[in-house]
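I have placed the structure first, in the form of structure tokens, so that the comments after it can refer back to it.
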Amino acid sequence: MLFNNPDVWEVTLLSIKVSGLATLISLLIGLPFGTLLALSKFPGRSVLLTLINTGMALPPVVVGLAVAMTLWRSGPLGGLHLIYTPAAIIIAQVIIAAPVVTGLTAAALQALDPRLRLQLLGLGASRLQMVLSIWREARLPLLAALMAGFGSVISEVGASMMVGGNIRHQTRVLTTAIVLETNKGEFTSAIALGILLLLITFLINFALTWIQQRGAKR
Amino acid sequence: MSTLVEIRNLLVRRAGRPVLEIDHLNIEKRQVLALVGPNGAGKSTLLLVLARLIKPERGDILFIGQPATGLRDRDYRRRIGLVMQDPLLLDMSVYDNIAIGLRFRHVPGPESARRVEAWAERLGIQHLKTRKAANLSGGEAQRVALARAFVLQPELLLLDEPFGALDKKTRTELLRDLKALLPTTGATTLFSTHDDREVNALADSKIELADGKIHTESSV
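First to last, the sequence lines map onto chains A and B.
Residue numbers for the first sequence follow the numbering used here, beginning at 1 and rising by one.
Residue numbers for the second sequence follow the numbering used here, beginning at 219 and rising by one.
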């Protein structure tokens, strides 16, 4: 019954699109930034690492509040008219996932033998070749960082609700739909949507784990 | 013999303390120079300075009569080979590990394959080419690290205690093979060691470092 409802598919697809894009943007931010934090020494690096590690535990409702205030009509970016749009949810989710990807990237690269970088440079690697080589070397924990980033946003509800508004056909995602159904007392629908969310999370993590473990055996 | 590397007035500090001070050192082409001395004497620091992986506070390094600073770090390093005490191999096959420096230099595939095959055979690791680096013994891994440096045909070869992490039997075998192979490379070689047997087997001259300074310089 659930699968015959076009609204369910719409909500599911929007969830995957929004969280997938937020994870991708977080990866584009977190991978280079985490690498910089792991490989460079500069004043304030420890403070930055502490901030990133704190950011890994950012409560989504606090992010939602900050993004809502920023995108609100009277807020500093109100003129962009992004509040209650999927773009607003993506912005909030990037703020949630980017510290996770950054922090875990930095941790993964710091776990490698620091002499490996010297050895690679000593073999004539350019800076870019050295970085690509150590990314390859740390590919398993880096994939885990990607999975953690995706996991942190596909399951969050606070920020999506606050900046997306849970508007039908526009910004309703699986988590906000579950809250709505629960509030209505429609527990059967809420449970079905919850199972669907778990299934999607499982399938995406299964695919990433398969890639990760294939890399481990190679 | 002509000079490959000349060091003048070199000073390296770590945490404000001088760890290497060399007024003058000439390294001739094709010379095999052993660096001896206790831990902390400055042997590894000198090798890393020569690999341009540590920046000295002051001093000049001339490479074939030209200031080494005239070359970009990467271009300079593409004329040297570096082997550390631990092999530091990457999580890939032995073949790919040996070829990695050639890949960094964009050496064409057939030429790269020819050099990898040749050095894998000379170092007796041809049968290991498809094996993953993680599955090698310590001696095998160090042979791969040496092959990875030799395929680059370096003008300057820097070996930082290359036998330091090996057991006695493996060390003896590798020393015997390296003694036969080193003269065929034509590379000027600097290696650090604590072992007089290695000095006598490989080197034509040696420098004894103590507290970051050259204590004695002699022929072997």
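For every residue, glycine included, the Cβ atom is placed at its ideal position computed from N, Cα and C.
Query	Result
Can you tell me where the beta strand (DSSP E) with D241 (chain B) in it begins and where it stops?	235–246
By Cβ distance below 7 angstroms, which residues in the same chain neighbour L400 (chain B) in space, the five residues on each side in sequence not counted?	V250, T407, L420
Would G258 (chain B) count as contacting chain A if we go by Cβ distances under 8 angstroms?	no
Where do the ends of the beta strand (DSSP E) carrying D278 (chain B) lie?	276–281
Which residues in chain C have a C-beta closer than 9 angstroms to the C-beta of S126 (chain A)? List them in chain order.	Annotation note: the requested chain C is absent from the structure, which comprises protein chains A and B.
When the Cα atoms are used, what is the spatial distance from R296 (chain B) to E224 (chain B)?	18 angstroms
To which residues of the same chain is E239 (chain B) closer than 6 angstroms at the C-beta, ignoring the five residues directly before and after it?	L229, G430, K431
Under 8 angstroms, with one C-beta from each stretch per pair, do the region 145–158 of chain A and the region 201–213 of chain A reach the 3-pair mark?	yes
Mapping the DSSP letters down to three states, classify S311 (chain B) as helix, strand or coil.	strand
Which residues, in order along the region 306–319 of chain B, keep a beta-carbon less than 7 angstroms from a beta-carbon of chain A?	L306, L308, D309, I318, G319
To the nearest angstrom, how far is the alpha carbon of G78 (chain A) from that of I298 (chain B)?	58 angstroms
For V47 (chain A), does the count of other Cβ atoms within 10 angstroms reach 16, so buried, or fall short, so exposed?	exposed
Give the single residue among A:R139, A:I83, A:P32, A:F33 whose Cα lies nearest to the Cα of L65 (chain A).	A:I83
Between R45 (chain A) and chain B, is any beta-carbon pair separated by less than 8 angstroms?	no
Comparing the C-beta of L116 (chain A) with each C-beta of chain B, is any distance below 8 angstroms?	yes
Look up R299 (chain B) in the DSSP assignment and give the residues it is bridged to.	Note that residue 299 (chain B) is Gly in the sequence shown here, rather than Arg. DSSP, once it has assigned bridges, lists B:L375 as partnering G299 (chain B).
Tell me where the alpha helix (DSSP H) around S152 (chain A) begins and ends.	139–154
What number of angstroms, rounded off, separates the C-alpha of R321 (chain B) from the C-alpha of N257 (chain B)?	35 angstroms
Could you give the first and the last residue of the continuous alpha helix (DSSP H) run that contains K424 (chain B)?	Where K424 (chain B) is concerned, there is no enclosing alpha helix (DSSP H), although the beta strand (DSSP E) it sits in stretches over 423–428.
Between the region 243–274 of chain B and chain A, which residues of the former have a C-beta closer than 8 angstroms to a C-beta of the latter?	L266, A269, L271
Inspect the beta-carbon positions of A68 (chain A) and V163 (chain A) and report whether they are closer than 8 angstroms.	yes
Quick one: give me the first and last residue of the beta strand (DSSP E) that L253 (chain B) is part of.	250–254
Nearest CA to the CA of V312 (chain B): which residue from B:D414, B:R366, B:R389?	B:R366
Would G124 (chain A) pass as a contact of R292 (chain B) if the rule is Cβ separation under 8 angstroms?	yes
Does any residue of chain A have a CB that is nearer than 8 angstroms to the CB of L400 (chain B)?	no
Would Q129 (chain A) pass as an interface residue toward chain B - the criterion being a Cβ-Cβ separation below 8 angstroms?	yes
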